[in-house]
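Chains as they are written, first to last, in this note's numbering: chain A, 1 to 348; chain B, 1001 to 1348.
Here you go:
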């Protein structure tokens, strides 16, 4: 039962991805003279953009009652659906599916066992029908058992070569340009930016610095344990264990923030029910707080899946009507991708 | 059994404390002109000081084969016995003992139950005889059950008023001046400095920024879980739970470093068997690595308790002969408090 519970929790982590950062630095921001520069050129004028600019202005102005001392400037961002595309499937799940052949090579007996057999067949339709239990088995098998260094190397290699099925681009190019601008704008104003993701902490760390300018130590994610040991050469190393230390979804997000950061953020960005508690926790702090939700309402340029009627708030990865209502009630800002974002991707 | 195991692990965390930082900024460093300034004025010339200066010089020199890119400059420091005094008792244990009356006030039925009865008696000798099991019960009772904000407030208040029994000074004045200089020197050269302590993460966070210049998010310690919930006013908050998430001693140190930082330090400082694995892990990385052990060999100015013959390497808080031998074999530097430190405390 215990093990089953851990497995199902690990499955929830299935929220990861990658993005388009290298392009970011070369686009859009280097045209106007420094003084007149708009820090958020990919945003249309409107309440969302205005809220961000006003928050940054007030919290960095020593004369303002909303001033926040530099050391307390913490901003947290969900990743999947907030910083990059999360459809048709979390990027990390694709990574895990792609890792199955290597796992089977190391353990050939798995080749004849489901769900590995189906994944090896390459039949995309059959893979789409895999149950949550199947996915859990795949995640456990593909995210543990190797050294931390080996895992980072594998994840880095994959993220550089894999392609998104719709746009045929590296996942790292499916980051939202307006959100990359927000990250950069906050950092330029003394904020430490963190990713707080339901996805696997080590997976996101493999590319977060390159893609988002966020170093590994500022990635809080669903985390498994590691085990310290020695190789044949006597050298110590850490092995990734199939043991859940932090389930960074729902209440796990503020709990993870406390574990890893130790203070309450002044700004938080999310896009789904899995972010609700992080947003509540951030908004409930004293002084200036900025709480924002990205609403996916642009089927043409990206995807449209909210606010979704009739879905339970307990389902991760959805922007439910209940979440929308809470945002309105608590004074959170809802970012409409359709209306607020001039551009979605840097390469558009 | 499970619960017992968790309790005994929590007991191991009994490694915390505080120090003397405010004095630091006003002492010693503001005399010579900037160029000629010695970054480590409280150190005597010798192999330890030389190793630190050479390491910093080489790893920040782009022309050196030992150059380390700024984002990878991570340095980790044990706290008790490495950054401040750990005798006659870990400071955190004193904090927990002092908290017992408040805990009993909230739960009066504990007043007649051991070990609380003994602690309430104020009989220092009897308290000194408390068993490890007794201490575990006290730690569990005093470090959980309140909100995170309440805990921080309590710990901050205590650390400002409590006094060390030998020098009758705030514990925060019992930090080692030479180590504060090392922290500052590393940061001035682009290193992120972390505390990696067997002590309680939240306890150390309550004063680390003021005392060491190390923000809460750079404190890795033995950590309990928290639980997200809502108050009567509907506002969310986190409650500290009697559940161990990270036992940050021995192998738990490199495991905690991976969980919280995600990359291997280039420099690590410790003083006891509980730091061994952190030092090994740091030393085994590629490129330039600096591994140092503080040896307590100055009974007059502080305490002398190493290298200790006949003690098992599994006992936390001791500098055993086995640790000394490993240091010599692996090229770690042993810092002799007696020989290497001109001054130990800022107020001397």
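Yeah, the Cβ is synthetic: ideal placement off N, Cα and C, and Gly gets one too.
Within 8 Å (strictly less), CB to CB, does residue i reach chain A?
i: residue 1148 of chain B; result: yes
i: residue 1281 of chain B; result: yes
i: residue 1245 of chain B; result: yes
i: residue 1228 of chain B; result: yes
i: residue 1223 of chain B; result: yes
i: residue 1341 of chain B; result: no
i: residue 1326 of chain B; result: no
i: residue 1047 of chain B; result: no
i: residue 1117 of chain B; result: no
i: residue 1236 of chain B; result: yes
i: residue 1075 of chain B; result: no
i: residue 1141 of chain B; result: no
i: residue 1205 of chain B; result: yes
i: residue 1219 of chain B; result: yes
i: residue 1255 of chain B; result: yes
i: residue 1307 of chain B; result: no
Cβ of residue i within 8 Å of Cβ of residue j?
i: residue 1274 of chain B; j: residue 1317 of chain B; result: yes
i: residue 120 of chain A; j: residue 104 of chain A; result: yes
i: residue 1074 of chain B; j: residue 1261 of chain B; result: yes
i: residue 1304 of chain B; j: residue 1321 of chain B; result: no
i: residue 278 of chain A; j: residue 204 of chain A; result: no
i: residue 276 of chain A; j: residue 323 of chain A; result: yes
i: residue 1098 of chain B; j: residue 1167 of chain B; result: no
Look up residue i in the DSSP assignment and say whether it is helix, strand or coil.
i: residue 1335 of chain B; result: strand
i: residue 1244 of chain B; result: strand
i: residue 300 of chain A; result: coil
i: residue 951 of chain B; result: Not covered by the structure: residue 951 of chain B. The range shown for chain B is 1001 to 1348.
i: residue 64 of chain A; result: coil
i: residue 260 of chain A; result: helix
i: residue 288 of chain A; result: coil
i: residue 138 of chain A; result: helix
i: residue 237 of chain A; result: strand
i: residue 121 of chain A; result: helix
i: residue 52 of chain A; result: helix
i: residue 192 of chain A; result: strand
i: residue 1159 of chain B; result: helix
i: residue 221 of chain A; result: strand
i: residue 106 of chain A; result: helix
i: residue 1091 of chain B; result: helix
i: residue 97 of chain A; result: helix
If we ignore side chains and look at the alpha-carbon of each, how far apart do residue i and residue j end up?
i: residue 200 of chain A; j: residue 1293 of chain B; result: 34 Å
i: residue 38 of chain A; j: residue 202 of chain A; result: 34 Å
i: residue 1348 of chain B; j: residue 1302 of chain B; result: 12 Å
i: residue 70 of chain A; j: residue 280 of chain A; result: 22 Å
i: residue 332 of chain A; j: residue 178 of chain A; result: 18 Å
i: residue 32 of chain A; j: residue 1171 of chain B; result: Since pLDDT at residue 32 of chain A reaches only 43, below the 50 mark, its modelled position is unreliable, and the value read off the structure follows with that caveat. The alpha-carbon atoms of residue 32 of chain A and residue 1171 of chain B are separated by roughly 54 Å.
i: residue 338 of chain A; j: residue 123 of chain A; result: 35 Å
i: residue 57 of chain A; j: residue 66 of chain A; result: 9 Å
i: residue 1140 of chain B; j: residue 1154 of chain B; result: 16 Å
i: residue 217 of chain A; j: residue 1240 of chain B; result: 23 Å
i: residue 143 of chain A; j: residue 242 of chain A; result: 8 Å
i: residue 271 of chain A; j: residue 188 of chain A; result: 24 Å
i: residue 1290 of chain B; j: residue 214 of chain A; result: 26 Å
i: residue 1081 of chain B; j: residue 212 of chain A; result: 38 Å
i: residue 136 of chain A; j: residue 163 of chain A; result: 23 Å
i: residue 227 of chain A; j: residue 1251 of chain B; result: 8 Å
i: residue 1078 of chain B; j: residue 1222 of chain B; result: 12 Å
I want to see whether chain B comes within less than 8 Å of residue i, judged by CB atoms only; does it?
i: residue 5 of chain A; result: Because residue 5 of chain A sits at a pLDDT of 41, beneath the cut-off of 50, its placement in the model cannot be relied upon, and the following sentence gives the value as read from the coordinates. False, the Cβ-Cβ gap to chain B never drops below 8 Å.
i: residue 40 of chain A; result: no
i: residue 303 of chain A; result: no
i: residue 262 of chain A; result: yes
i: residue 277 of chain A; result: yes
i: residue 287 of chain A; result: no
i: residue 239 of chain A; result: no
i: residue 258 of chain A; result: yes
i: residue 103 of chain A; result: no
i: residue 187 of chain A; result: no
i: residue 129 of chain A; result: no
i: residue 267 of chain A; result: no
i: residue 24 of chain A; result: Residue placement at residue 24 of chain A is poorly supported in this model, since its pLDDT is 32, which falls under 50; the coordinates still yield a value, given next. Cβ-Cβ to chain B under 8 Å: no for residue 24 of chain A.
i: residue 251 of chain A; result: yes
Just checking my contact of residue i with residue j at CB under 8 Å: how many whole Å lie between their CB atoms?
i: residue 84 of chain A; j: residue 152 of chain A; result: Not quite, the Cβ-Cβ distance comes to about 19 Å (not below 8 Å), so this is no contact.
Taking 7 Å as the cut-off, is the C-beta of residue i nearer than that to any heavy atom in the ligand SAM?
i: residue 291 of chain A; result: Annotation note on the ligand SAM: not contained in the displayed structure, which lists no ligands.
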